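Numbering (my numbering), first residue to last: 1 to 183.
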């Protein structure tokens with residue numbers, strides 16, 4: 001309950017912040033920020049997909065995975081930063097609504113997992129010499145990366161189509177539908 005209370009307080013603060021009010025009350029700011037967010041997502045998704053296609057052996061077979069990853073890393077990191085910044089503005093414009101949105105919570109869970117994975121195991125595997133990594137491990141890491149980042153994108157897409165949950169006890173459960181909770 002403590003985490004839910006802190007999270008709700010943070011969402012209320014975001015909702016009432018200058019950023020939240022500006023994006024929410026402007027006719028053009030929300031669509032502009034959303035377009036920027038989607039473009040950043042496209043660049044991020046494209047860079048990750050290109051690295052993963054190489055890791056799976058489906059494209060750029062002449063180039064080592066580490067070389068492809070090194071060349072695309074600035075684009076990946078830059079687009080991730082742009083996506084996180086624009087996402088914060090979008091979130092702050094309707095933070096309380098997002099607090100109760102199951103798809104948003106699912107997207108955030110996938111985002112945290114994807115970022116942690118990308119900057120730990122994924123980075124270690126894609127930046128190492130291919131002779132030191134087994135082809136199976138490389139392919140599994142690439143597939144897991146695709147699954148995690150697809151989860152972020154699908155969760156984001158589902159936000160507008162997910163009903164709101166209003167029960168405080170359910171907010172602690174990441175993605176269970178309300179019918180699964182009987183108390």
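Just so it is clear, CB atoms sit at the ideal spot from N, CA and C, and this is done for glycine as well.
Everything numeric in this text was worked out from a predicted model, so none of it was measured.
{"Asked": "Let me know if residue 118 comes out buried or exposed under the rule of 16 or more other beta-carbons within 10 Å of its beta-carbon.", "Found": "buried"}
{"Asked": "Are at least three pairs of beta-carbons, each pair with one atom in the stretch 57 to 66 and one in the stretch 26 to 43, less than 8 Å apart?", "Found": "no"}
{"Asked": "Tell me which residues share the same chain as residue 114 and place their Cβ nearer than 8 Å to its Cβ, disregarding the 5 neighbours each side in the sequence.", "Found": "145, 148, 149, 151 and 152"}
{"Asked": "Just how far apart, CA to CA, sit residue 84 and residue 36?", "Found": "11 Å"}
{"Asked": "Residues in its own chain within less than 8 Å of residue 57 by CB, not counting five upstream and five downstream?", "Found": "135 and 139"}
{"Asked": "Applying the 10 Å Cβ sphere with the 16-neighbour rule, what's the burial state of residue 107?", "Found": "buried"}
{"Asked": "I think residue 11 touches residue 99, with their Cβ atoms under 8 Å apart; what is that distance to the nearest whole Å?", "Found": "4 Å"}
{"Asked": "Would you kindly work out how many angstroms separate the C-alpha atoms of residue 39 and residue 157, rounded to a whole number?", "Found": "14 Å"}
{"Asked": "Are residue 120 and residue 75 touching if we call contact CB-CB under 7 Å?", "Found": "no"}
{"Asked": "Rounded to whole angstroms, what is the Cα-Cα separation between residue 9 and residue 80?", "Found": "26 Å"}
{"Asked": "If you check the beta carbons only, do residue 93 and residue 160 fall under 7 Å apart?", "Found": "no"}
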